[in-house]
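**Q** Per UniProt numbering, the very first residue in the sequence shown carries number 1; after that it's consecutive.
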Amino acid sequence: MTQSFREIYERAQREPDAFWLEQAQAVDWFDEPSRAFDRDLGIYGRWFPDGVCNTCYNTVDRHVEAGHGERTAIIYDSPITGRKQHISYAELLTDVKALAAAMLDLGIEKGDRVVIYMPMVPETAVAMLACARIGAIHSVVFGGFAAAELAKRMDDAEPKLVLSASCGIEPNRTVAYKPLLDRAFELAEKPPQAAIVLQRAELRCDLVEGRDHDWAELRDRLRAQIEDGREVPCARLSATDPLYILYTSGTTGKPKGVVRDNGGHLVALNWTMGAIYGIDPGDVCFTASDVGWIVGHSYIVYAPLIRGATTILFEGKPVGTPDAGTFWRIISEHGAKTLFTAPTAIRAVRKEDPDGEFLKRYDMSKFEALYLAGERADPETIRWAETLLDRPVIDHWWQTETSWTIAGNPRGIEFLPVKHGSPSVAMPGYDLAILGPDGERVAPGAMGTIAIKLPLAPGNLVTLWRADERFRDGYLAEFPGYYSTADAGYLDEDGYLFVMGRTDDVINVAGHRLSTGQMEEVVARHPSVVECAVVGMHDEMKGQLPCGFVVLKSDAPEDHQTLEREIVAMVRDQIGPVAAFKQIVVVDKLPKTRSGKVLRRTMKAIVDHEPFETPATIEDAGAIGNIERAVASLSASSRR
């Protein structure tokens with residue numbers, strides 16, 4: 001008899017070791033784990049501690065060995081460059097072996113770190129898998145990220161090697177990566193020893209003699225060695241060995257290196273592909289994200305390939321490459337069963353094509369469901385997509401730290417009733433709790449901090465890179481026995497979760513979590529700025545946009561438009577264009593408490609035209625009116 005999702009969830013909660021050992025049988029091990037969880041290892045315990053595996057073997061080798069080498073692994077579709085490519089599992093294996101061999105020849109060993117600073121091209125997936133093959137720990141940094149931010153990640157991870165490209169291609173411009181990479185080498189206190197650089201036809205770059213290596217030359221030479229019989233075996237790795245480090249913004253502006261293990265990640269992602277997304281071996285799935293973010297790690301590269309599915313790697317935008325029908329064209333042309341993207345992408349499509357005229361041009365007969373994550377999916381957007389597509393539109397909620405769904409709708413098991421505004425219910429492995437300030441669970445419908453009772457599910461972060469204490473302080477200390485998500489929300493009577501927003505000052509811009517504190521550090525460096533605060537203001541398209549309030553020095557120039565352009569350029573240069581920082585408001589003073597704390601929450605309420613109460617601890621109530629007048633003076637064009 002087929003089990004309901006509720007029965008499966010309750011069994012996973014009641015018998016977690018038995019449940020996850022059963023799921024572990026669906027992947028291949030060199031040494032199968034005899035136990036699921038050891039509570040005495042790591043900070044809160046570790047999954048499959050005596051298992052020995054290799055993630056690359058499970059993503060590529062095992063499918064080729066099973067006779068599926070001709071199956072398409074990756075479909076590369078780049079409407080920006082006009083290139084399309086189908087890469088079989090057998091071809092992918094050859095390229096992964098070649099790059100792995102090149103890294104071994106450069107002295108990269110198990111446990112060494114490799115930074116991947118790449119655009120959305122197949123070689124990026126090859127780079128990740130090649131690192132996984134030899135046991136090197138990769139850290140993907142969003143292509144085009146500012147040199148200073150790249151240098152910070154270099155200093156934290158201490159990589160021996162960087163895998164990069166000459167450029168990235170945007171709809172209206174070419175972003176030269178190599179100058180940014182070279183500058184990061186200069187800024188880093190502990191720069192890597194070498195770089196392998198992919199030369200793209202759109203913009204070639206100069207290579208530094210003795211340090212940089214040409215990707216294509218190495219690939220061709222090592223491919224020949226592979227064809228001549230050179231073996232590049234998959235390293236035998238403990239399930240608890242790190243697979244990758246992925247940096248996410250912290251409230252201090254110092255990046256946090258989330259550490260993912262091999263075994264738990266492997267088992268969990270394989271389970272999710274069938275249970276949550278309904279993807280089987282041979283199916284085509286389309287995740288429109290970037291490999292620099294967690295969605296790209298989990299659902300462009302690892303999970304689809306672990307499952308033996310075909311993944312679409314898309315280099316483009318939801319609109320403008322060339323039009324608002326791009327997603328539908330890709331789904332139709334490649335036979336995608338699912339689309340996973342951010343709500344902001346669907347809002348952009350809706351803005352450009354509200355009546356869905358582009359959709360009418362394409363055959364969507366193989367398409368089954370749209371999945372949304374990365375930010376709160378507003379009910380209006382979901383309803384629009386449901387009506388347009390006549391398919392399930394599934395909001396689900398998770399974090400960089402978890403690598404897969406905390407709360408969602410398990411369509412592959414049972415499609416649960418949808419409640420607009422909710423990502424649905426907790427997945428197996430997650431005991432969700434809404435906690436009050438005292439750490440006690442609150443009643444259904446009451447707001448509080450969303451927390452997860454320890455231990456965390458397989459595939460969740462095991463710590464922060466070389467920062468165990470920061471991990472404890474940042475995630476575990478506030479509510480002993482729980483992991484704090486730093487999100488606020490509530491559970492209703494049916495166990496459906498409603499996520500209402502962050503509890504700190506990290507804002508969500510088009511699905512990208514960015515630290516306002518980090519932006520403030522940049523703004524404060526402008527010579528005319530004496531004080532500043534950055535808050536997230538609501539935006540219909542991107543979810544949130546940063547808005548900077550600045551207090552100027554008495555001798556500052558009166559040309560505020562020039563000031564704004566200069567500050568925006570500084571943030572773009574030092575953090576990156578992903579911050580979408582475009583709004584500066586000049587004020588006489590910032591509202592503060594008597595202890596000197598800036599009232600950012602109050603400022604955000606003013607920016608979003610929401611009701612608020614003036615805190616009793618405010619130093620000067622007149623500062624509130626100052627902010628209100630400044631916000632009221634913003635023109636509609638400046639707020640867009």
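Positions of the beta carbon are idealized from the N, C-alpha and C atoms, including for glycine.
Given the structure is predicted, the values throughout are model-derived calculations rather than measurements.
1. Could you give the DSSP three-state label for residue 410: helix, strand or coil?
2. Got a sec? Which residues, its chain only, sit under 6 angstroms from residue 510 by beta carbon, not counting five neighbours each side?
3. How many whole angstroms separate the CB atoms of residue 384 and residue 268, which I take to be in contact at a CB cut-off of 8 angstroms?
4. Quick one: give me the first and last residue of the beta strand (DSSP E) that residue 541 is part of.
5. How close, in whole Å, do the beta carbons of residue 705 and residue 243 come, if the pair is a contact with beta carbons under 8 angstroms?
6. Cβ atoms of residue 205 and residue 54: under 7 angstroms apart, would you say?
7. In the DSSP assignment, find the beta strand (DSSP E) that holds residue 84 and state where it starts and stops.
8. How should residue 622 be labelled, buried or exposed, when 16 other C-beta atoms within 10 angstroms of its C-beta is the threshold for buried?
9. Which word fits residue 86, buried or exposed, when buried means at least 16 other C-beta atoms lie within 10 angstroms of its C-beta?
10. Are the stretch 268-278 and the stretch 453-467 touching, with three or more C-beta to C-beta distances below 8 angstroms?
11. In the DSSP assignment, find the unbroken alpha helix (DSSP H) run with residue 332 in it and report its ends.
12. Could you tell me whether the Cβ atoms of residue 608 and residue 537 are closer together than 7 angstroms?
13. Determine the burial state of residue 632: buried for a count of at least 16 other Cβ atoms within 10 Å of its Cβ, exposed for fewer.
14. Cα separation between residue 579 and residue 33?
15. Could you compute how far the alpha carbon of residue 475 sits from the alpha carbon of residue 260?
16. DSSP three-state label for residue 448, please.
17. Is residue 603 near the ligand NAP, judged by its Cβ being under 6 angstroms from some heavy atom?
18. Where does the unbroken beta strand (DSSP E) through residue 220 begin, and where does it stop?
19. Work out the CA separation of residue 264 and residue 111 for me, nearest whole Å.
20. Hey, quick one: how far does the alpha helix (DSSP H) through residue 386 stretch, first residue to last?
21. With burial defined as no fewer than 16 other Cβ atoms inside 10 Å of the residue's Cβ, what is the status of residue 587: buried or exposed?
22. In chain order, what residues of the same chain lie with their CB nearer than 6 angstroms to the CB of residue 649, ignoring the 5 residues before and after it?
23. Looking only at DSSP bridge pairs, what is residue 193 linked to?
24. For residue 211, name the three-state secondary structure that DSSP assigns.
25. Among 71, 307, 254, whose alpha-carbon lies nearest the alpha-carbon of residue 280?
26. So residue 324 and residue 358 are supposed to be a Cβ contact under 8 angstroms. How far apart are they, rounded?
27. For residue 256, which of helix, strand or coil comes out of DSSP?
28. Taking only the alpha-carbon atoms, compute the straight-line gap between residue 372 and residue 435 and give it to the nearest angstrom.
29. Within the continuous beta strand (DSSP E) that includes residue 167, where are the two ends?
30. Which residue from 6, 80, 572, 382 puts its Cα closest to that of residue 321?
31. By the DSSP assignment, the beta strand (DSSP E) with residue 488 in it spans what residues?
32. At what residue ranges does the stretch 92-154 contain a whole run of the beta strand (DSSP E), taking only runs of 3 or more?
33. Just checking my contact of residue 168 with residue 119 at CB under 8 angstroms: how many whole Å lie between their CB atoms?
34. Answer yes or no: do residue 150 and residue 196 have a C-beta to C-beta separation smaller than 7 angstroms?
**A** Reading it off the structure:
1. In the structure shown, residue 410 falls within a coil segment according to DSSP collapsed to helix, strand and coil.
2. Answer for residue 510: 344, 542, listed in chain order.
3. The pair is not a contact, with the Cβ atoms about 32 angstroms apart (cut-off 8 angstroms).
4. Unbroken run through residue 541: none, as it is neither H nor E.
5. Limits of the chain in this structure are 1 at one end and 640 at the other, which puts residue 705 out of reach.
6. Not closer than 7 angstroms, so no.
7. Counting along the chain, the beta strand (DSSP E) containing residue 84 begins and ends at 83-88.
8. Exposed, by the Cβ-count rule.
9. With fewer than 16 Cβ atoms within 10 Å of its Cβ, residue 86 is classed as exposed.
10. Touching, yes, given that three or more Cβ pairs across the two stretches are closer than 8 angstroms.
11. Here the alpha helix (DSSP H) through residue 332 covers 326-334.
12. Yes, they are a contact pair.
13. Classification for residue 632: exposed.
14. Take the alpha-carbon of residue 579 and the one of residue 33: they are about 43 angstroms apart.
15. Distance between the alpha carbons of residue 475 and residue 260: 16 angstroms.
16. Residue 448: strand per DSSP, three-state reduction.
17. As far as ligands go, the structure on display features none, and thus does not contain the ligand NAP.
18. Careful: residue 220 lies outside any beta strand (DSSP E), inside the alpha helix (DSSP H) at 215-227.
19. Distance between the alpha carbons of residue 111 and residue 264 is about 18 angstroms.
20. In the DSSP assignment, residue 386 falls within the unbroken alpha helix (DSSP H) covering 379-389.
21. Per the 10 Å Cβ criterion, buried.
22. Residue 649 lies beyond the range of the chain shown here (1 to 640); nothing can be said about it.
23. BP columns for residue 193 are empty, so no partner.
24. Looking at residue 211 - three-state DSSP - the assignment turns out to be coil, as it is neither helix nor strand.
25. 307 is the residue among 71, 307, 254 whose C-alpha sits nearest the C-alpha of residue 280.
26. Correct: roughly 5 angstroms between the Cβ atoms.
27. In the three-state reduction of the DSSP assignment, residue 256 falls in the strand class, which pools E and B.
28. Cα to Cα, the separation comes out at about 26 angstroms.
29. It spans 167-170 - the beta strand (DSSP E) in which residue 167 sits, taken as one unbroken run.
30. For residue 321, the nearest C-alpha among the options comes from 80.
31. Segment 482-491, the beta strand (DSSP E) holding residue 488.
32. Within the stretch 92-154, the complete beta strand (DSSP E) runs of at least 3 residues fall at 113-117, 137-140.
33. The Cβ separation is near 4 angstroms, so the contact holds.
34. It is not a contact, given that the beta carbons lie outside the stated cut-off.
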